[in-house]
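Residue numbers (this note's numbering), protein chains in the order written: chain A, 1 to 137; chain R, 1 to 137. In this text, a Cβ means the ideal position worked out from N, Cα and C, and glycines have one as well.
Number of protein chains: 2
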Amino acid sequence: MKNYSNFVEKLRSAGLRPTKQRLKICEVLFDRKETFHFNVEDLKKILKKKLETSISVATVYNTINAFKSKGYIKEISLNTDKTYFDTNVTSHHHFYNVTTGELIDFHDKDVEEIKLKKNLPGKKIKSIEVLVKIANK
Amino acid sequence: MKNYSNFVEKLRSAGLRPTKQRLKICEVLFDRKETFHFNVEDLKKILKKKLETSISVATVYNTINAFKSKGYIKEISLNTDKTYFDTNVTSHHHFYNVTTGELIDFHDKDVEEIKLKKNLPGKKIKSIEVLVKIANK
DNA sequence: TCAATATATTAGAATGATTCTAAACTATTT
DNA sequence: AAATAGTTTAGAATCATTCTAATATATTGA
Numbered sequence: 001m002k003n004y005s006n007f008v009e010k011l012r013s014a015g016l017r018p019t020k021q022r023l024k025i026c027e028v029l030f031d032r033k034e035t036f037h038f039n040v041e042d043l044k045k046i047l048k049k050k051l052e053t054s055i056s057v058a059t060v061y062n063t064i065n066a067f068k069s070k071g072y073i074k075e076i077s078l079n080t081d082k083t084y085f086d087t088n089v090t091s092h093h094h095f096y097n098v099t100t101g102e103l104i105d106f107h108d109k110d111v112e113e114i115k116l117k118k119n120l121p122g123k124k125i126k127s128i129e130v131l132v133k134i135a136n137k
Numbered sequence: 001m002k003n004y005s006n007f008v009e010k011l012r013s014a015g016l017r018p019t020k021q022r023l024k025i026c027e028v029l030f031d032r033k034e035t036f037h038f039n040v041e042d043l044k045k046i047l048k049k050k051l052e053t054s055i056s057v058a059t060v061y062n063t064i065n066a067f068k069s070k071g072y073i074k075e076i077s078l079n080t081d082k083t084y085f086d087t088n089v090t091s092h093h094h095f096y097n098v099t100t101g102e103l104i105d106f107h108d109k110d111v112e113e114i115k116l117k118k119n120l121p122g123k124k125i126k127s128i129e130v131l132v133k134i135a136n137k
């Protein structure tokens, strides 16, 4: 039964009950070597292929939102019609290929440190993210 | 009649006919000292206040899209339900206050140059934008 | 200036992503 | 195993945005 027990553990530790649906979604999102970028439509398609029975739209959204608020995934700030998520929750940056819609991670180590010369009194910085838009030549 | 003639000029040079609606929207967007951040809902509200007759939703969207494709405004990459635009079309960055939803510009000169150590062969860089999420202390 | 043509505006319908609802179900606790 | 708390579901509702096709306005060129 795969590494379901890891996922059970993971869900429990975040106060989420390990249900069939959540475990299935965990498997799609986290049982991979590479970071996974997706939107809800992608995810629904993959789940449909993997499963006999399908998971309702509402559940997919509920689950994704739960995972997001527990910090298992994060939303990517991109201006597209659909919301994109990333299974890489560490502080990192993106290349967005405007020609193909492809999204590629890059990490703090791939950029020289970003030093702000402007600072805002009374505020605290939550995150600094760089979006590099690229196009095919 | 204000600086309508500037706007007429501006529209014409981009191949857009200077119509009543477009001029009115120009006035709201560009007749100001500071950069203006807005979404379509904001814009509709402002127009409603300023005008006797109101402009239809479709026209507001058409106009905004025309302005965007002519480079008069640009879309901001933020993950919110609505699409945000900025009258500052130069390359610049944003602070987004997650507590208040407020958006603040900052410029290239307010950050030390962003040097990418990773490069992608066969691609060209269209833009590099930094989004700094902040919160009230 | 006037008719012909090209482009814009409009109200309302259509679309599509996301959230809500309330009923049925499943997991946990006692 | 009964009671309670949390989940899932189908389908309805919502809300931003786009489409449609009819009407109106702007531009062109005789």
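Grouping DSSP H, G and I as helix and E and B as strand, with all else coil, what is residue i?
{"i": "A/L131", "result": "strand"}
{"i": "R/V98", "result": "coil"}
{"i": "A/F85", "result": "strand"}
{"i": "A/I55", "result": "coil"}
{"i": "A/I46", "result": "helix"}
{"i": "R/N119", "result": "coil"}
{"i": "A/N79", "result": "coil"}
{"i": "A/K70", "result": "coil"}
{"i": "A/K20", "result": "helix"}
{"i": "R/M1", "result": "Bear in mind that the predicted position of R/M1 carries a pLDDT of just 48, short of 50, making it too unreliable to give a figure here."}
Answer with buried or exposed for residue i, where buried requires no fewer than 16 other C-beta atoms within 10 angstroms of its C-beta.
{"i": "A/R32", "result": "exposed"}
{"i": "R/R17", "result": "exposed"}
{"i": "A/K74", "result": "buried"}
{"i": "A/V98", "result": "exposed"}
{"i": "A/T100", "result": "exposed"}
{"i": "R/I125", "result": "exposed"}
{"i": "A/K69", "result": "The question names Lys, but residue 69 of chain A is Ser in the sequence shown. Counting Cβ neighbours within 10 Å, A/S69 comes out exposed, since fewer than 16 surround it."}
{"i": "R/M1", "result": "The predicted position of R/M1 is uncertain, since its pLDDT is 48 and thus under 50; a value taken from the coordinates is nonetheless stated next. Counting Cβ neighbours within 10 Å, R/M1 comes out exposed, since fewer than 16 surround it."}
{"i": "A/S13", "result": "exposed"}
{"i": "A/A135", "result": "exposed"}
Taking the beta strand (DSSP E) that residue i falls in, what are its first and last residues?
{"i": "R/I76", "result": "74–76"}
{"i": "A/F38", "result": "37–39"}
Output the boundary residues of the alpha helix (DSSP H) element that contains residue i.
{"i": "R/D108", "result": "No alpha helix (DSSP H) contains R/D108, which DSSP labels as neither H nor E."}
{"i": "A/S5", "result": "4–13"}
{"i": "R/I114", "result": "It is not in any alpha helix (DSSP H) - R/I114 carries neither H nor E in the DSSP assignment."}
{"i": "R/K33", "result": "Where R/K33 is concerned, there is no enclosing alpha helix (DSSP H), given that its DSSP letter is neither H nor E."}
In chain order, what residues of the same chain lie with their CB nearer than 8 angstroms to the CB of residue i, ignoring the 5 residues before and after it?
{"i": "A/L11", "result": "R17, P18, R22, L23, C26"}
{"i": "R/L78", "result": "Y84, H94, Y96, L103, L131"}
{"i": "A/L47", "result": "K24, I25, V28, S54, I55, V60"}
{"i": "R/I114", "result": "I128, V130"}
Who are the Cβ neighbours of residue i in its own chain at under 7 angstroms, not counting the five residues just before and after it?
{"i": "R/D108", "result": "S91, H92"}
{"i": "A/Y4", "result": "L23"}
{"i": "R/Y61", "result": "V40"}
{"i": "R/A66", "result": "L16"}
{"i": "A/S127", "result": "S91"}
{"i": "R/D86", "result": "T35, H37, I73, K74, I76"}
Spatial neighbours of residue i within its chain, please: CB distance less than 6 angstroms, with the 5 preceding and 5 following residues excluded, ordered by chain position.
{"i": "A/Y72", "result": "none"}
{"i": "R/T59", "result": "Q21"}
{"i": "R/F7", "result": "L23, C26"}
{"i": "A/K133", "result": "Y96, V98"}
{"i": "A/F106", "result": "H93"}
*For the stretch 52–60 of chain A against the stretch 90–105 of chain A, are there 3 or more C-beta pairs whose distance is under 8 angstroms?*
no
_the stretch 29–43 of chain A / the stretch 31–51 of chain R touching (three or more Cβ pairs under 8 angstroms)_ = no
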